[in-house]
Each structure stands twice: as C-alpha cells, then as structure tokens.
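Colleague: Protein chains in written order, with the numbering used here: chain A, 1 to 54; chain B, 1 to 273.
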Amino acid sequence: MAIKTVVALLVGLALASVHVAEGQQQAKVTRIGWLANRPDTGIANRNRASANAR
Amino acid sequence: MLAELGYVEGKNIAFEFRFADNEPDRFLALADELVRLKVDLIFVSDPNAAPAAKNATRTIPIVFLLGGDPVVAGLVDSFARPGRNITGVTDIATVLGGKRLELLKETIPKLSRVAVLWNPRTSPQQWKESQLAARELGLQLYSVEVSTAGKYEEGFKEAAKARSAALAVTQGPLNNTNQKQIVDLAAKKRLPAIYPRRDFVESGGLMSYGADRTEPYKRVALMIDKILKGTKPADLPVEQPTKFELMINLKTAKALGLTIPPVVMMRAEKVIK
Numbered sequence: 001m002a003i004k005t006v007v008a009l010l011v012g013l014a015l016a017s018v019h020v021a022e023g024q025q026q027a028k029v030t031r032i033g034w035l036a037n038r039p040d041t042g043i044a045n046r047n048r049a050s051a052n053a054r
Numbered sequence: 001m002l003a004e005l006g007y008v009e010g011k012n013i014a015f016e017f018r019f020a021d022n023e024p025d026r027f028l029a030l031a032d033e034l035v036r037l038k039v040d041l042i043f044v045s046d047p048n049a050a051p052a053a054k055n056a057t058r059t060i061p062i063v064f065l066l067g068g069d070p071v072v073a074g075l076v077d078s079f080a081r082p083g084r085n086i087t088g089v090t091d092i093a094t095v096l097g098g099k100r101l102e103l104l105k106e107t108i109p110k111l112s113r114v115a116v117l118w119n120p121r122t123s124p125q126q127w128k129e130s131q132l133a134a135r136e137l138g139l140q141l142y143s144v145e146v147s148t149a150g151k152y153e154e155g156f157k158e159a160a161k162a163r164s165a166a167l168a169v170t171q172g173p174l175n176n177t178n179q180k181q182i183v184d185l186a187a188k189k190r191l192p193a194i195y196p197r198r199d200f201v202e203s204g205g206l207m208s209y210g211a212d213r214t215e216p217y218k219r220v221a222l223m224i225d226k227i228l229k230g231t232k233p234a235d236l237p238v239e240q241p242t243k244f245e246l247m248i249n250l251k252t253a254k255a256l257g258l259t260i261p262p263v264v265m266m267r268a269e270k271v272i273k
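See below:
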C-alpha cells in the first residue's frame with residue numbers, strides 16, 4: 001500500500017515538475033516542504049535520516 | 001517508472017521533510033523553517049501541522065491531507081471556497097467514527113459498551129461524532145484518552161475495568177504509528193476492535209473501515225500538480241474520498257471466538273482467512 005501511495009503521489013508530482021519545466025527555459029527544481037508527525041510513506045521514510053540530519 | 005515519466009528527485013523536484021516525532025509543539029518552528037527555506041509548496045498530513053503551516057505563511061501554497069473537518073478546524077472558509085493559500089483533501093475520518101461504531105454493533109448485535117481510543121490533541125471531532133452516533137445506536141461509550149505512546153497499556157486496563165466489550169480506534173497520527181502495540185493490546189485484552197485503516201487489520205486487528213488510502217494521495221498529487229501549474233489554492237475546493245473499504249481478519253475473529261454475521265461479511269472488500 002505504501003508503495004502504491006508513494007507512486008501515486010510521485011506520478012502527480014512528476015507530471016507537475018514536467019509541466020513546470022516545459023514552461024521555462026531553465027529547469028527549475030521544485031521544492032516541496034513535507035510537514036508531518038512521523039514518516040508514513042516509503043519516500044518519507046527513505047528521506048527521514050537526511051531530514052533529521054539537517 | 002519515475003524515470004520514464006521524466007521525474008528525477010534532486011534534479012527537477014526535491015523534498016524537505018520535517019517531522020515533529022509526537023511533539024506537536026515543534027510544528028510551529030518546523031513550519032517557520034520551511035518558510036525560511038522558501039519551498040514552493042508545503043504538504044501537511046497532521047492535524048497540528050496544518051494550523052502551524054497556515055500561521056507560518058500567507059503566500060506559500062499549503063496542501064493538506066487530514067482526517068477531520070477543515071472548516072471546523074479553522075483551516076478553510078468552506079469546502080467549495082477554501083479562501084486563502086490553503087486547500088487539500090480530508091478523508092472524513094470524523095464522520096467515519098460513527099460508521100465504525102455502527103459496523104461494530106452489526107458485528108456484535110448484543111454489544112452495549114464500547115471503549116473509544118482517541119487522542120485529545122488530534123481527534124476531538126471524532127470523539128464528538130462517536131458520541132452522537134452512540135446515542136442513536138444505543139451504545140454506552142467509555143473514553144480512553146491517549147496522547148502519548150506510553151499511555152496505551154494503562155488505557156486498555158481502564159477500558160477492561162470499565163467492562164468494555166469492544167473497542168473503536170480513531171484515526172490519528174499517534175494511533176497510526178503505534179498500530180502494532182494497539183493491536184497486540186486488543187488481542188491481550190480479548191477486545192474485538194474496529195480500526196480506521198486496513199494496515200491495522202494486516203497487523204492482526206479484527207476489522208477496519210475507512211477511506212481507500214491510495215485515492216486521497218492521488219487527489220493530493222493532482223492538487224499539487226494544479227498549484228504548481230499556477231492555480232491558486234483558494235480556487236481549488238477541498239476534496240473528499242469516494243472509495244471506502246471494509247476489511248475483516250477472520251483469523252482474529254476465530255481467535256476471539258467471534259462469528260462475523262453474513263450481512264457484515266458481504267460488505268467486506270477484503271477478508272484475511
């Protein structure tokens with residue numbers, strides 16, 4: 001379930017980033033702030049260590 | 001698959017994760033930190049994170065995925081017209097609290113006393129809704145308030161002392177992250193329990209009823225997509241799920257000596273045998 005959830009979210013975000021990039025001359029890195037109690041998805045878990053390290 | 005779609009994390013999109021780790025007072029500082037980093041959008045998935053983010057910025061778009069009523073929580077003006085820089089998806093856990101009690105009563109027709117496990121910090125709306133539903137169903141509720149992970153054992157002891165014959169678990173970050181402990185305690189106390197998410201049942205819980213977990217994330221993703229393409233959050237109505245699922249664990253039912261009535265079984269989307 002977590003994998004499906006993450007894939008669904010990232011597909012949307014991927015599409016978003018593609019559309020944003022298409023409208024610009026230079027590729028922009030879209031930054032999403034993710035504010036939660038604890039990681040609840042694979043992507044959040046994967047990035048937990050780096051988030052806490054900052 | 002993501003590469004095929006042209007998405008490369010760190011190349012054209014990046015995430016800044018901030019977690020409060022069961023210390024909701026930290027959300028204000030964490031939200032401020034994200035604002036200082038000038039992120040393009042803030043995604044929140046905790047009832048305490050949403051107001052913190054809302055207070056931290058009036059310009060950066062905020063998208064939430066929450067269980068309660070965002071109007072009652074003061075996040076948006078209305079579902080149709082959210083108002084400011086914030087919109088999102090609610091899984092209407094508030095209303096589903098009553099539905100879960102109804103399912104428990106259908107599963108155990110003689111049921112009269114039910115313990116409700118809720119967190120006063122994050123799920124007061126669900127407790128209120130449960131009380132309303134209990135009156136209609138003729139159930140007597142016993143409130144088990146748990147706001148830290150160390151209080152579950154004590155809460156279950158209290159519920160047993162109060163002769164609760166079943167348990168309804170509310171949706172919330174604390175319960176979600178402590179699901180194994182909750183499921184184990186319910187088994188230890190031999191309490192038939194209904195949970196807000198299917199992963200509790202996959203961990204050995206008796207039954208769950210809630211919104212399909214994938215659909216809200218898809219809706220959130222589409223919402224973020226629209227905002228990144230220029231739509232204002234104020235113009236995106238708050239969305240609600242349309243798919244709900246009942247899941248039953250027959251192994252757990254057998255261990256509890258419980259027979260699930262056919263009328264309930266027929267409605268189950270998934271059954272663990």
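By construction, the Cβ of each residue, glycine as well, lies at the ideal position given by its N, Cα and C atoms. Since the model is a prediction, treat every value here as computed from it, not as a measurement.
(1) Mind listing the chain A neighbours of residue 261 of chain B? Cutoff is C-beta to C-beta under 7 Å, in chain order.
(2) Taking Cβ positions, are residue 196 of chain B and residue 169 of chain B nearer each other than 8 Å?
(3) Go through the stretch 29-53 of chain B residue by residue and report every complete run of the beta strand (DSSP E) that reaches 3 residues or more, in order.
(4) Taking the CB atoms as reference points, tell me whether residue 258 of chain B and residue 192 of chain B lie closer together than 8 Å.
(5) Cα separation between residue 119 of chain B and residue 146 of chain B?
(6) In chain A, what lies closer than 7 Å to residue 42 of chain B by C-beta?
(7) Considering only their Cβ atoms, is the gap separating residue 107 of chain B from residue 271 of chain B smaller than 8 Å?
(8) Where does residue 213 of chain B land, buried or exposed, given buried means 16+ other C-beta within 10 angstroms?
(9) Verify the CB distance criterion: does residue 177 of chain B have a CB-CB separation below 8 Å to chain A?
(10) What residues from chain A crowd round residue 46 of chain B, counting only those whose CB sits closer than 8 Å?
(11) Classify residue 261 of chain B as helix, strand or coil using the three-state DSSP reduction.
(12) How about residue 51 of chain A: is its C-beta nearer than 8 Å to some C-beta of chain B?
(13) Just the Cα atoms here: how many angstroms apart are residue 149 of chain B and residue 177 of chain B?
(14) Looking at residue 66 of chain B and residue 97 of chain B, is the spacing between their C-beta atoms short of 8 Å?
(15) Tell me the rounded alpha-carbon separation between residue 41 of chain B and residue 93 of chain B.
(16) Please state the DSSP three-state secondary structure of residue 22 of chain A.
(17) Please report the straight-line C-alpha distance between residue 165 of chain B and residue 68 of chain B, rounded to a whole angstrom.
(18) By the 10 Å Cβ neighbour count, where 16 or more other Cβ atoms means buried, how is residue 136 of chain B classified, buried or exposed?
(19) At the level of alpha carbons, what is the spacing between residue 161 of chain B and residue 60 of chain B?
(20) Less than 8 Å between the C-beta atoms of residue 139 of chain B and residue 101 of chain B, yes or no?
(21) Quick check on this structure: which residue in B:190, B:211, B:180 has the alpha carbon closest to the alpha carbon of residue 200 of chain B?
(22) In this structure, does DSSP put residue 130 of chain B in helix, strand or coil?
(23) What is the DSSP secondary structure of residue 99 of chain B, counted as helix, strand or coil?
(24) Which residues does DSSP pair with residue 239 of chain B in a beta bridge?
(25) List the residues of chain A that residue 244 of chain B touches, going by C-beta distances under 8 Å, in chain order.
(26) Using C-beta distances below 7 Å, list every residue in its chain close to residue 16 of chain B, excluding the 5 sequence neighbours before and after it, in chain order.
(27) Mind pulling the chain A residues with CB within less than 9 Å of residue 173 of chain B?
Modeller: Concretely, from the data shown:
(1) Going along chain A, no residue has its Cβ under 7 Å from residue 261 of chain B, so there is no contact; the nearest lies around 27 Å.
(2) yes
(3) 41-44
(4) yes
(5) 5 Å
(6) By Cβ distance, chain A contributes 33, 35.
(7) no
(8) buried
(9) yes
(10) 35, 36, 37
(11) In this structure, residue 261 of chain B counts as coil in the three-state DSSP scheme.
(12) Caution is warranted here: a pLDDT of 39 is assigned to residue 51 of chain A, below 50, making its placement in the model unreliable, and the coordinate value is therefore given only provisionally. Judged by the 8 Å Cβ criterion, residue 51 of chain A is in contact with chain B.
(13) Rounded to whole angstroms, residue 149 of chain B to residue 177 of chain B spans 9 Å at the Cα level.
(14) no
(15) 25 Å
(16) A caution first: residue 22 of chain A carries a pLDDT of 49, below 50, which makes its placement in the model too unreliable to give a value.
(17) 27 Å
(18) exposed
(19) The straight-line gap from Cα to Cα measures roughly 49 Å.
(20) yes
(21) B:180
(22) DSSP places residue 130 of chain B in helix when its eight states are reduced to three.
(23) helix
(24) B:89
(25) Simply none; closest approach about 15 Å.
(26) 34, 37, 39
(27) 36, 37, 38, 40
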